[in-house]
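Keeping their order, the protein sequence lines are chains G and R. Quick note: the first sequence uses this note's numbering, first residue 37, plus one each step. Quick note: the second sequence uses this note's numbering, first residue 243, plus one each step. Virtual Cβ for every residue (Gly too), placed ideally from N, Cα, C. For clarity, every value in this text was computed on a predicted model and none was experimentally measured. Some notes on the structure that comes next.
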Amino acid sequence: MERKHLIAWSVVAVAIAALLPLVAGPFWVALLTQMFIFGLLALSVDLLLGHAGLFSLCHAAFFSVAAYTTAILQVRYGVSTALAAPAGIVAGTLLGLVFGLSVRTRGVYFILITIALGYIVWGVAYRWSSFTGGDNGVTNVPRPTIAGFELESMTSYYYFMLAVIVLSLLAYRVLVASPFGLTLRGIKTSETRMTSVGFRPNRHLYAAFVLSAAIASFAGVLYVYYNRFVNPVSASFPISVEAVLMAIVGGSGTIVGPLLGSGIVLALRNWVSSFFELHAAVMGLVFIAVVLWAPNGLVGLLASLRANRRAAR
Amino acid sequence: MTTPAIELVDVGKRYGGLQAVESVTLAVAPGERRVLIGPNGAGKTTLFHCVTGTVRASSGRIRLFGTDVTRLDEASRTRLGMGRTFQISNVFMDLTVVENVLLALLGKDRRKWTTYRTLRTYAQMHEQALDRLAVVGLQARANETVRLLSYGERRQLELALALATAPRVLFLDEPCAGLSPSERQLLSQLIAGLPRDITLLMIEHDMDVALALADRVTVLHRGKVILEGSPDEVQADPEVREVYFGHV
Numbered sequence: 037m038e039r040k041h042l043i044a045w046s047v048v049a050v051a052i053a054a055l056l057p058l059v060a061g062p063f064w065v066a067l068l069t070q071m072f073i074f075g076l077l078a079l080s081v082d083l084l085l086g087h088a089g090l091f092s093l094c095h096a097a098f099f100s101v102a103a104y105t106t107a108i109l110q111v112r113y114g115v116s117t118a119l120a121a122p123a124g125i126v127a128g129t130l131l132g133l134v135f136g137l138s139v140r141t142r143g144v145y146f147i148l149i150t151i152a153l154g155y156i157v158w159g160v161a162y163r164w165s166s167f168t169g170g171d172n173g174v175t176n177v178p179r180p181t182i183a184g185f186e187l188e189s190m191t192s193y194y195y196f197m198l199a200v201i202v203l204s205l206l207a208y209r210v211l212v213a214s215p216f217g218l219t220l221r222g223i224k225t226s227e228t229r230m231t232s233v234g235f236r237p238n239r240h241l242y243a244a245f246v247l248s249a250a251i252a253s254f255a256g257v258l259y260v261y262y263n264r265f266v267n268p269v270s271a272s273f274p275i276s277v278e279a280v281l282m283a284i285v286g287g288s289g290t291i292v293g294p295l296l297g298s299g300i301v302l303a304l305r306n307w308v309s310s311f312f313e314l315h316a317a318v319m320g321l322v323f324i325a326v327v328l329w330a331p332n333g334l335v336g337l338l339a340s341l342r343a344n345r346r347a348a349r
Numbered sequence: 243m244t245t246p247a248i249e250l251v252d253v254g255k256r257y258g259g260l261q262a263v264e265s266v267t268l269a270v271a272p273g274e275r276r277v278l279i280g281p282n283g284a285g286k287t288t289l290f291h292c293v294t295g296t297v298r299a300s301s302g303r304i305r306l307f308g309t310d311v312t313r314l315d316e317a318s319r320t321r322l323g324m325g326r327t328f329q330i331s332n333v334f335m336d337l338t339v340v341e342n343v344l345l346a347l348l349g350k351d352r353r354k355w356t357t358y359r360t361l362r363t364y365a366q367m368h369e370q371a372l373d374r375l376a377v378v379g380l381q382a383r384a385n386e387t388v389r390l391l392s393y394g395e396r397r398q399l400e401l402a403l404a405l406a407t408a409p410r411v412l413f414l415d416e417p418c419a420g421l422s423p424s425e426r427q428l429l430s431q432l433i434a435g436l437p438r439d440i441t442l443l444m445i446e447h448d449m450d451v452a453l454a455l456a457d458r459v460t461v462l463h464r465g466k467v468i469l470e471g472s473p474d475e476v477q478a479d480p481e482v483r484e485v486y487f488g489h490v
């Protein structure tokens, strides 16, 4: 898409999002807020999947460790938001420094190791109940106040998240077009060639993994303030899988794809579960359809439709 | 005698029970153009892999301008001045032609770690990349995706990537493999036109290309050097004729 069209569409999208709470009810405002939060998680997964070619299935770990850290510090120890929120991000990122060592493996081994690492964190959250609250998790996390603005109401949190997601996407756009971003795509395409022109691919993949963990942690902190509680579900394997599916459904390797995918997955789940108990099965069928007929996700589908229309003209 | 650009002492490579390369000793002088020939399975590509660091040699020493690089990884050897092309085209298929060269330029540049600035804003690096493409005649295709390039153009790009790392010693693994006669001529002219301060070590099956480019020729057979000499000497040697061309 041309640059000026892209800017125009982005401005329109943000304007619609900004006006939405005036016309839509609280259900929609809540759904979009979740879409932003999980869109950020999907974005962190897709930095590895869509750019570096690493299929990680442990991102719920960073997400939940950040959420738990912030919640426990704030609720149990009375630490202020200004410290508890950054502490959450730091905790998740530190875990990323450890889990990131898995980039020494590739392909199916990498996937298996990340699954195992994810289960460790879930196990701790679930079983170490004296610290994590077990099944009940940690509740009553207060909504924060940022620069004098109380984010108590759903609408105010929605606007806060809108600002966060816009800034995040702008930063992400620079990141993937930077020398570092191109390096990741080079590694995805041909590691042997990268080595022969002087790169050490594992170092770049490790850096990307830690950065990705930091973004997932950021999403985790935003989640716990939105949700006001955290329990072991947020550390569970399905969350990691869902983040990957969001990226794929929206369009892996693109900038807005993971966010759109997050919206599609959340909306679909909400809608289907309102009238059909086996909603997980329906979601499964949707994902199969995407992989078969739109492997490049919604963004890829739209791009190819555009190309076809242009060719027909 | 001056320090050789590249020196191998008793280099060997063993894969389980197979001795792919058996104790190869050779030295290439700075600026020399050396061609490595030998029948299929002679160990030419394996020897290349050992020298450039793609695989580790099982035995022997490798020196680059007198520096022992035997224990260094491939990226370090590239930084010290080794460049290579691959027998089977190894370029970044999903990226554009100019992005391919930009990556090759970034390989030895600290700016590859930059995250806060888009690559498009590095005007000077772009210009440099386009210059490198001009050398191999691909500047007009700079913004195409590599997937859309012909096989011959990919071989040209392969050479541009190796040159972008500013190598002092360049290893070319059958640069003309699989090309049509006219493409072959274009590429061998490109290679012949390289500056003389780049030392060349090249594997080539095509005797015409090999003998036209080479200052000296080394013949490898079953993992061993059986002869080294000028192109004329090698062509006239009865043993080479036997292993290379079969009985005449």
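- Chain order gives no chain R residues near P122(G), where near means a beta carbon separation below 9 Å; the closest approach is about 20 Å.
- A Cβ of chain R is located within less than 7 Å of the beta carbon of L211(G).
- Under the Cβ distance rule, T168(G) does not count among the residues neighbouring chain R, no pair being separated by less than 7 Å.
- S288(G) and D82(G) have their C-alpha atoms roughly 6 Å apart.
- Taking CB atoms only, R140(G) has no neighbour in chain R less than 7 Å away.
- Taken in chain order, the members of the segment 212-225 of chain G whose beta-carbon sits within less than 7 Å of a beta-carbon on chain R are A213, S214, P215, F216, L218, T219, R221, G222, T225.
- Residues of chain R with a Cβ closer than 9 Å to the Cβ of G333(G) do not exist; the shortest Cβ-Cβ separation is about 16 Å.
- With distances taken between CA atoms, F216(G) lies nearest to T356(R) out of L403(R), T327(R), Q370(R), T356(R).
- Contact annotation for V333(R) against chain G: S226, R229 [CB-CB distance below 8 Å, chain order].
- Counting the other Cβ atoms within 10 Å of the Cβ of I149(G) gives 16 or more, which makes it buried.
- Taking the beta carbon of T387(R) as reference, no residue of chain G falls within 8 Å; the closest one sits roughly 11 Å away.
- Residues of chain G whose Cβ lies closer than 9 Å to the Cβ of T320(R) are, in chain order, T231, S232, V233, G234, F235.
- For A252(G), same chain residues with a beta-carbon under 7 Å away, outside a window of 5 residues either side, are L77, S80, H95, F98, F99, G128 in chain order.
- Rounded to whole angstroms, the separation of the alpha carbons of G169(G) and S270(G) is 13 Å.
- Residue pairing from DSSP places Y257(R) in a beta bridge opposite L260(R).
- Contact of K286(R) with chain G is not assigned, every C-beta pair being separated by 7 Å or more.
- For the C-beta of D336(R), the chain G residues within less than 9 Å are, from N- to C-terminus, R221, K224, T225.
- Exposed is the label assigned to P122(G), since fewer than 16 other Cβ atoms lie within 10 Å of its Cβ.
- In summary, the residues of the segment 338-351 of chain R whose CB is separated from some CB of chain G by less than 7 Å are E341, L344, L345, A346, L348, G349, K350, in the order they occur in the chain.
- L399(R) has a beta carbon lying at 7 Å or more from every beta carbon in chain G.
- For A269(R), DSSP records a beta bridge to E249(R).
- Counting only runs of 4 or more residues that sit fully inside the segment 70-119 of chain G, the alpha helix (DSSP H) segments are 95-113, in chain order.
- Pairing K466(R) with A419(R), the inter-Cα distance amounts to about 23 Å.
- A buried status is given to T407(R), since no fewer than 16 other beta-carbon atoms sit within 10 Å of its beta-carbon.
- Straight through space, the alpha carbons of V257(G) and L337(G) are spaced by roughly 33 Å.
- Nearest CB-CB separation between L453(R) and chain G: not below the 7 Å threshold.
- Around the beta carbon of T363(R), fewer than 16 other beta carbons lie within 10 angstroms, which makes this residue exposed.
- Among the CB atoms of chain G, one or more fall inside 7 Å of the CB of E316(R).
- At a cut-off of 7 Å between beta carbons, K354(R) contacts chain G.
- Around the C-beta of W158(G), 16 or more other C-beta atoms lie within 10 Å, and the residue is accordingly described as buried.
- Residue R319(R) holds the alpha-carbon nearest to the alpha-carbon of T309(R) among R319(R), S300(R), E416(R).
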